[in-house]
Amino acid sequence: MITSDELPSIPIAASKDLQISNHEDSCTLSNHKQMKTINYMESQFENPIHAYGFNDRVTQQKVLLEQANAIDNRIYGTVKLYSIGLHKQVKIRLTTDNWISSKEFYATYIPDSYDDSYDRFSFILEIDRDRICAGNNIQFCICYESSNGLEYWDNNNEENYRFNCLLRTIPDDSI
1 MITSDELPSI
11 PIAASKDLQI
21 SNHEDSCTLS
31 NHKQMKTINY
41 MESQFENPIH
51 AYGFNDRVTQ
61 QKVLLEQANA
71 IDNRIYGTVK
81 LYSIGLHKQV
91 KIRLTTDNWI
101 SSKEFYATYI
111 PDSYDDSYDR
121 FSFILEIDRD
131 RICAGNNIQF
141 CICYESSNGL
151 EYWDNNNEEN
161 YRFNCLLRTI
171 PDDSI
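For the sequence shown, UniProt numbering begins at 1 and goes up steadily by one.
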């Protein structure tokens, strides 16, 4: 009678007539996967595009994040803005040290995205891997520089868009 939750160990001699190649290794791998710990970024906000009245907010604020998602050491996102004139720039201001320092990234116009009132831009923020460590947070805000020389900001209602850095243990498929 087995009283443990673990499977019993079967001696190789007991299964040699079964012609199973590398029996010990296949049992070990299927029952005890190797694990690894990774750092990752977790969004601390709901993507605004899913909120009620999204386009009304864009019209009022002139610029608003649509969505942003972290994959590996990058944050991918899109921005929607109320179009004022032909020439415009969208930049993302990012910090990994609570605004002691910051970097700026320029968003790229999404071709054919203009729909009578709005334009869309996309961005990729590449984060230094050594800044993605448990306990740290990544923050950004968005600036729309319009053709009339005015700047409009989206800082998530003065909260900034935040990604917390966390640790996670996952199966190591590289083994």
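Note that CB positions come from ideal geometry on N, CA and C, so glycine has one too.
Q. Do you know how far the Cα of N69 is from the Cα of E46?
A. 10 angstroms
Q.
Tell me which residue opens and which closes the beta strand (DSSP E) that R162 is part of.
A. 161 to 171
**Q.** Cut-off 7 angstroms between Cβ atoms - residues of its own chain near L125, not counting five sequence neighbours on either side
**A.** R74, I75, I92, L94, F105, F140
Q | Separation of Y161 from D56, as counted between CA atoms | A | 20 angstroms
Q | Host alpha helix (DSSP H) of residue 190 (start-end) | A | In this structure the chain extends from 1 to 175, so residue 190 is not present and cannot be described.
Q.
For T37 and K88, I'd like the C-alpha separation in whole angstroms.
A. 43 angstroms
Q: Return helix, strand or coil for D115, following the three-state DSSP convention.
A: coil
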